[in-house]
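Quick note: the sequence shown, position 48, residue 102 per the numbering used here, numbers continuous.
Glycine included, every Cβ here is placed at the ideal spot set by N, Cα and C.
Fair warning: this is a prediction, and the values are worked out from it, not measured in the lab.
Contents: one structure, followed by commentary.
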Amino acid sequence: MKLKLTIVLTFMTLMLFGQTRQKVIFDCDLGDDIDDAFALAMLLTNQDKLDILGITTCYGRTNDRAKVALKMLYETGQDKIPVALGRNTSNTDARANWYAEQFYWAKDFNKLKPIQQSATDFIIENLRKYPNEVIIISVGPVTNMADVIDKDPQALKLAKKVYAMFGSFYIGYNTHPSIDAEWNVKVDIPASKKFVNSGANIVYAGLDVTAMVKLDKVKRDILLMRQSVLTNALSGLYVLWGNETPTLFDPVAIGMILYPELFKTKKINISVDDKGFTRVNENQVPNAEVGVSIDSNEFVNRIMKSYLFQNLER
């Protein structure tokens with residue numbers, strides 16, 4: 055009887071304290087819109103639930119994007135998280151080579167460096183090392199995802215899931231009732247086509263669940279007055295971004311992992327056309343799961359708590 059009680063107590067302890075954190079890789083284009091920075095901050099403040107294996111940068115000046123990530127990691131004492139550079143595509147066009155205003159925040163930062171391994175190899179290595187255990191959070195153009203597919207066609211299928219801020223399925227920007235060619239799709243259409251046809255288990259946080267998620271002035275002022283290392287970084291990057299009310303597209307992809315009860319999703323078949331529109335193909339076998347509704351007020355309340363109730367620092 056005593057042995058049985060010991061076994062039961064041990065099992066209960068493991069259930070309470072031995073739960074493993076979800077392994078994630080964050081693929082982003084920090085420095086363009088401001089929402090990538092808010093997404094990274096959301097990850098950093100939820101490490102009790104998420105094991106951040108690494109951050110990979112995509113699109114354009116991937117080295118400058120990495121500097122922003124590295125400085126945020128350094129100042130918040132998260133040096134242990136590696137940052138890997140995606141393929142630099144700044145020679146694609148003038149827009150890809152833009153030195154974004156947010157890059158000035160980390161312009162001379164040199165206390166941390168990216169790892170030598172490329173983003174492609176880093177993603178493949180971790181998917182092979184932890185098959186069906188890793189969630190990839192993709193919140194930028196899917197160039198790195200396409201490079202993974204080209205190098206190892208089966209690797210992305212080893213992801214537990216891919217949560218992607220990608221696409222416009224039933225509504226467009228600013229909740230317009232017609233769809234748009236969403237930025238992450240249209241900036242690299244060949245990569246987007248490979249991505250949606252990869253056979254990976256992909257959940258899309260498209261404009262249908264992101265376009266309405268706004269950070270109003272009251273909440274921005276609260277973050278500014280919080281005066282923590284992390285919120286100061288967000289406020290500084292926001293000022294350099296230079297616009298008024300941010301739409302927090304990218305954090306929603308993370309929210310779908312952490313707060314699934316705030317969302318409704320639908321399994322459908324999608325494709326990408328030659329203009330970068332994500333098309334819904336009715337009556338075809340589903341190849342995707344897309345978000346179709348969100349409790350946006352509750353979502354914003356929860357992420358505000360994660361930003362405010364933390365003391366990340368060196």
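Item	Value
Excluding the 5 residues preceding and the 5 following Ile190 in the sequence, name in chain order all residues of the same chain whose CB lies nearer than 6 Å to its CB.	Ile79, Ala213 and Val216
Give the straight-line distance between the Cα atoms of Leu139 and Ser350, rounded to the nearest whole angstrom.	32 Å
Are at least three pairs of beta-carbons, each pair with one atom in the stretch 343-363 and one in the stretch 309-328, less than 8 Å apart?	yes
What's the gap between the Cα of Asp175 and the Cα of Met358?	34 Å
Label Gly85 either buried or exposed according to how many other C-beta atoms from any shown protein chain fall within 10 Å of its C-beta, with 16 as the threshold for buried.	buried
Does the distance from the C-beta atom of Leu127 to that of Leu166 stay below 8 Å?	yes
Between the Cα of Leu261 and those of Arg274, Tyr227 and Ala245, spot the shortest distance and give me the residue it belongs to.	Tyr227
Exposed or buried, which one is Lys183 when buried takes at least 16 other CB atoms within 10 Å?	exposed
Would you mind sorting Ile276 into buried or exposed? The rule is 16 or more other CB atoms within 10 Å of its CB.	exposed
Based on DSSP bridge pairs, tell me the residues matched to Gly108.	Ile79
So which of Asp242, Asn117, Leu210 and Lys271 has the shortest CA-CA distance to Thr301?	Lys271
Exposed or buried, which one is Phe331 when buried takes at least 16 other CB atoms within 10 Å?	buried
Can you name the residues that DSSP bridges to Lys318?	Ser347
On the CB-based measure, 16 or more other CB atoms within 10 Å of its CB, does Arg115 come out buried or exposed?	buried
In chain order, what residues of the same chain lie with their CB nearer than 8 Å to the CB of Ile324, ignoring the 5 residues before and after it?	Gly221, Phe223, Val250, Tyr258, Thr332, Arg333, Val334, Asn335, Asn341, Ala342 and Val344
Leaving aside the five residues before and after Glu155 along the sequence, list all residues of the same chain whose C-beta is less than 8 Å from its C-beta, in chain order.	Leu294, Trp295 and Gly296
Please identify the residue among Lys211, Arg280, Gly194 and Arg149 whose C-alpha is closest to the C-alpha of Glu187.	Lys211
What would DSSP say about Arg333, mapped onto helix, strand or coil?	strand
Does Val257 come out as helix, strand or coil in the three-state DSSP assignment?	strand
Count the C-beta pairs between the stretch 120-135 and the stretch 104-112 that are closer than 8 Å, then say yes if the count reaches three, no if not.	yes
Tell me which residue opens and which closes the alpha helix (DSSP H) that Tyr128 is part of.	Thr116 to Glu129
Could you pull the start and end residues of the alpha helix (DSSP H) that Ser246 belongs to?	Ile243 to Val250
Determine the direct distance from the alpha carbon of Ser246 to that of Lys240, and round the result to whole angstroms.	8 Å
Could you pull the start and end residues of the beta strand (DSSP E) that Ile308 belongs to?	Premise fails: Ile308 lies in the alpha helix (DSSP H), Phe303 to Leu312, not in any beta strand (DSSP E).
Quick one, are the C-beta atoms of Asp118 and Gln76 less than 8 Å apart?	no
Can you have a look at Met55 and say buried or exposed, based on whether 16 or more other CB atoms are within 10 angstroms of its CB?	Because the pLDDT at Met55 is just 45, under 50, the model does not fix this residue reliably, and the point stays unresolved.
Assign Met177 to one of three DSSP states: helix, strand, or coil.	In the sequence under discussion, the amino acid at residue 177 is Ile, which differs from the Met named in the question. Ile177: helix per DSSP, three-state reduction.
Are Thr197 and Asp234 close, meaning C-beta to C-beta below 8 Å?	no
How many Å lie between Gly194 and Lys320 at the Cα?	22 Å
Taking Cβ positions, are Met219 and Val306 nearer each other than 8 Å?	yes
Using the C-alpha atoms, what's the distance from Thr130 back to Arg368?	6 Å
Are Ser282 and Thr99 close, meaning C-beta to C-beta below 8 Å?	no
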